[in-house]
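Beneath this line is the structure, given in structure tokens, with notes to follow.
Numbering (the numbering used here), first residue to last: 44 to 339.
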């Protein structure tokens with residue numbers, strides 16, 4: 044009779060059995076949850092809560108006047124409009140870059156893959172100076188654009204969009220790339236064998252699979268662009284009502300010791316960014332539930 048067939052004695056326990064109620068090696072829920080709440084409160088919640096509290100010292104009328112001044116409204120329109128446009132451009136071309144890096148082999152692939160992370164490592168001021176020199180009227184790209192197409196990039200809203208595209212593209216590429224790596228080519232081949240053309244395969248097979256990653260990358264690129272300052276301030280020109288972004292306007296308020304006015308402008312930016320990110324997260328949740336419903 045083998046040892047496996049011998050019944051265990053009453054009350055005996057397996058030598059390596061783990062009790063369900065025994066404390067684990069890692070901290071339990073109470074300690075982990077308390078640390079997480081404390082960490083987020085100190086670093087995120089308390090600083091964000093200080094904005095509306097500080098702006099409340101203006102009173103409702105003062106707050107309204109501060110955030111609806113024509114110069115402030117123009118900066119809102121430029122900041123959010125340029126950020127949205129840059130995120131959309133990165134969504135399209137960042138996905139193409141991720142597709143090329145995943146699906147094809149070519150010389151210099153590792154170099155191209157490493158260049159994608161360059162905006163992460165490059166100081167924003169260095170990026171701004173480089174883009175300004177490149178797209179100025181006498182720059183390598185700015186001069187041909189001005190001579191051939193009459194297009195001025197530096198010190199215009201177009202230059203702001205280009206700077207935001209530069210700093211936002213890694214968010215889309217690095218978010219979509221792992222998802223594309225997990226997509227099996229057999230699925231595409233099966234769709235083709237069933238008579239689907241390339242557009243149908245993309246629309247009905249690939250796009251539903253990578254759509255959550257696309258939305259996440261878009262949200263990250265948009266959020267990064269809204270708060271960008273260092274790379275934009277050099278190429279923007281910073282002309283009021285034309286190329287002045289909201290972060291620069293907040294810095295100007297702080298330099299004037301108008302802390303309440305700066306907090307009021309920042310509060311509106313915070314609220315608008317939160318609403319937009321909330322909408323994107325709701326769309327992500329809806330897409331995830333829709334995908335689970337299809338699988339069921």
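Cβ atoms here follow ideal geometry from the backbone N, Cα and C, with glycine treated the same way.
- Here residue 322 has no same chain residue with a Cβ atom under 8 Å from its own Cβ, once five neighbours each way along the sequence are excluded.
- Judged by DSSP secondary structure, residue 191 falls within the alpha helix (DSSP H) whose first and last residues are 185 to 192.
- For the pair of segments examined, the segment 306 to 318 was found not to touch the segment 243 to 254: the number of CB pairs separated by less than 8 Å stays below three.
- Annotated as distal: residue 270 and residue 216, with beta-carbon spacing of 9 Å or more.
- In terms of Cβ geometry, residue 319 and residue 265 form a close pair [threshold 9 Å].
- Listed in chain order, the non-local C-beta contacts of residue 194 below 8 Å within the same chain comprise 188 and 201, local neighbours out to five positions each way being set aside.
- The Cβ atoms of residue 280 and residue 198 sit closer than 9 Å to each other.
- For the set 212, 168, 149 and 301, the Cα lying nearest the Cα of residue 131 is the one of 212.
- With 16 or more other CB atoms across the displayed protein chains lying within 10 angstroms of its CB, residue 138 is buried.
- Three or more beta-carbon pairs separated by less than 8 Å are not found between the segment 227 to 244 and the segment 161 to 169, which leaves the two stretches without contact.
- Excluding its 5 nearest sequence neighbours in each direction, residue 332 has no C-beta neighbour in its own chain below 6 Å.
- Residue 143 has its alpha-carbon roughly 13 Å from the corresponding atom of residue 135.
- DSSP places residue 90 inside the alpha helix (DSSP H), whose first and last residues are 89 to 98.
- Here DSSP, grouped into helix, strand and coil, assigns residue 239 to coil.
- Per DSSP, the continuous alpha helix (DSSP H) segment holding residue 82 begins and ends at 72 to 83.
- The segment 93 to 102 makes contact with the segment 291 to 308: 3 or more CB pairs, one atom from each, lie closer than 8 Å.
- Under the DSSP assignment, residue 160 falls outside any alpha helix (DSSP H); it carries neither an H nor an E label.
- With a cutoff of 9 Å on beta-carbon distance, residue 268 and residue 94 are scored as not near each other.
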